[in-house]
Amino acid sequence: MSGAAVASPHYLATMAGADVLAGGGNAVDAAVATNLTLAVVTPYFCGVGGDLLAMVWDGSVHGYLGVGRSSEAAHIDHIQALPGPRSRVGGRTVTVPGAVQGWFDLLDRWGTWDFDAVARTAVANARSGLRVSSAARVRIERALESYPADSSVHEFCAEWRGDNTVRQQALAELLVSLGRCGPSHFYDGPVAGEIVHTVTDAGGILTADDLASHRGMWVDPLSCTYRGRQIFELPPPTQGTMALEALRLVEDDRRRSSAERSHQLVEAMKCALFDRDTTITDPARMTRSAQELISDIHIDRIRSEFDPDSARNPGAAVVQRGGTAAICATDSSGLSISLLQSNLMPLGSGVNVPNSGFVLHNRGASFSYDRDHVNAWAPSKLPMHTLAPGMIIDGSSPSLLFATMGADAQPQVHLQLLTALLDDGVNIASALARPRWSVEPGTWKVRVEADMDATVLAGLRGRGHDVEIVAPYSDMMGHAQLIDLSGTAVRAASDPRAEGLALVL
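Residue numbers (this note's numbering): 19 to 523.
Set out below in structure tokens:
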């Protein structure tokens, strides 16, 4: 199949997607097959208990928000009165998972294969078992440090911590049942009952009605022009707006040294992340629009405050840490998809649904306990969401598909990749391999990979940035996937920071 490609953060998942493309499936079929396989082979990135967001091109661009809401009973007084610490994990952080409905919604609209067919490789891997790699063991061990000793996630991960072959029979049976019964099996059937019971036992709030009322949402992506290219990101409640805002802030014609340019990029990202944490939430409850954040008036005001010689502190903001899987796929017809699926933190809430073989995400950790905050807990509310897949559209077709994991790092990686590609003219593999930085909201510390150019490091420190050096190819810098459709031949690349693979067919 000429002109088809798929990229993901694990080679087995990419191979599953490539098999679908080679077997006559389209890009959406392949992306869902890749995602389902990732749910089996990288449960520390994504899974059945998480959310899903996507952008699809079929001649026009479409956004999909597979984002679950808080419980209809999640009044902030009730949430604040719950016993126990206000942890970022545990039962109270569970919102309705949106991924399962998302897989079916994407297949219903564009798929040519049914769920059974696209799940075949995932089911086979779950049944036959996966040999745990050293990279997987390290990620599991590191992730478990964030969960209390009595969390059920330790039991869930027990086999992943040794030199074992992990078989996931319960998850395999769940995927088979979804293929037979559809999403109602999850949202309005036996799995729903198990989820409600498990979350309640873990001290959270989720009802059968919350699950049964879940619906995914089709939305119009936001866009801005950068270097003459149309960049598309998803609207709120995602943080996609922040990448567009930062790109607009750094677009000018002035030539800068690498140190000056890095300072400009970091400062732009700090302003965008501050705007995220004071503005972005459920769009029905926002007091400022996303369009305002990328408007000429807002951009010009921030630019006027930019100091080329000094770092600034924008103010208080909230850190979002995450574990996410990014997938990009295209086929010979031009159908293309950029997709992200996530538990938020690597193992989500740490609440294990044992009879069904998955952990529930902790997307509720994005909510604030401050009732006056724009993103405060409230009933049936969409949380501010870190997932932000994107595309560049040139004229009548996409020229680039891009997506990355990384929570706070996602818009920051978008900014660094897109400026590398569009300003510096590097190829997609080189853009992914470049050393990265990441700003931590609130502290505004700038973490920089150790192989960053010494003049850039000196320039950041000299301008007053609090710089922390981290290992090269650090997980905290995201795992991005890119498919370049701008030339006569399709090119694809997967981030060297994961066990990923990109295949062109």
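Ideal placement from N, C-alpha and C gives every residue a C-beta, glycine not left out.
DSSP bridge partner residues for residue i (one or two, in chain order)
{"i": "S356", "result": "M73 and C346"}
{"i": "F376", "result": "V371"}
{"i": "Y244", "result": "R247"}
{"i": "S26", "result": "L519"}
{"i": "E486", "result": "R465"}
{"i": "S307", "result": "DSSP lists no partner for S307."}
{"i": "R509", "result": "D502"}
{"i": "V457", "result": "V464"}
{"i": "V237", "result": "G81"}
{"i": "F420", "result": "G408 and L500"}
Reduced DSSP category for residue i - H, G, I as helix; E, B as strand; rest coil
{"i": "L435", "result": "helix"}
{"i": "G477", "result": "helix"}
{"i": "M287", "result": "helix"}
{"i": "A498", "result": "strand"}
{"i": "S351", "result": "coil"}
{"i": "H93", "result": "coil"}
{"i": "Y491", "result": "coil"}
{"i": "V337", "result": "coil"}
{"i": "V79", "result": "strand"}
{"i": "V150", "result": "coil"}
{"i": "H403", "result": "strand"}
{"i": "I312", "result": "coil"}
{"i": "L252", "result": "coil"}
{"i": "D412", "result": "strand"}
Nearest-angstrom Cβ-Cβ length linking residue i and residue j, presumed shorter than 8 Å
{"i": "H497", "j": "P27", "result": "5 Å"}
{"i": "L71", "j": "P407", "result": "6 Å"}
{"i": "S374", "j": "V107", "result": "Incorrect: roughly 19 Å between the Cβ atoms, too far for contact."}
{"i": "G21", "j": "V508", "result": "5 Å"}
{"i": "W131", "j": "D47", "result": "4 Å"}
{"i": "L124", "j": "Y82", "result": "7 Å"}
{"i": "V112", "j": "G382", "result": "6 Å"}
{"i": "A23", "j": "V522", "result": "4 Å"}
{"i": "A348", "j": "A45", "result": "It should be pointed out that residue 348 corresponds to Thr in this sequence rather than to Ala. That belief holds up - the Cβ atoms of T348 and A45 are roughly 5 Å apart, short of 8 Å."}
{"i": "Q119", "j": "G234", "result": "5 Å"}
Alpha carbon of residue i to alpha carbon of residue j, nearest angstrom
{"i": "D502", "j": "I446", "result": "7 Å"}
{"i": "A510", "j": "V369", "result": "36 Å"}
{"i": "R87", "j": "A476", "result": "44 Å"}
{"i": "S415", "j": "S241", "result": "15 Å"}
{"i": "V237", "j": "T461", "result": "33 Å"}
{"i": "D388", "j": "A394", "result": "6 Å"}
{"i": "G499", "j": "L419", "result": "Before going on, a small fix: residue 499 reads as Gln here, not Gly. Computed Cα separation, rounded: 8 Å."}
{"i": "A344", "j": "A421", "result": "5 Å"}
{"i": "D295", "j": "A264", "result": "15 Å"}
{"i": "S146", "j": "F250", "result": "40 Å"}
Member of the options whose CA lies at the smallest distance from the CA of residue i
{"i": "V405", "options": "T256, Y62 and L436", "result": "Just to set this straight, residue 405 is Leu in the shown sequence, not Val. Per the Cα distances, T256."}
{"i": "T297", "options": "H93, F385, V50 and G77", "result": "F385"}
{"i": "A591", "options": "A48, S322 and G68", "result": "The requested residue 591 is not part of the displayed model; the chain covers only 19 to 523."}
{"i": "K288", "options": "A302, E323 and M304", "result": "E323"}
{"i": "D469", "options": "E310, K463, G480 and W455", "result": "W455"}
{"i": "S10", "options": "R149, A451, L148 and A438", "result": "What the structure shows of the chain is the stretch from 19 to 523, and residue 10 is not part of that stretch, so it cannot be assessed."}
{"i": "D95", "options": "G42, S360, I223 and N53", "result": "I223"}
{"i": "I410", "options": "L433, G424 and S89", "result": "L433"}
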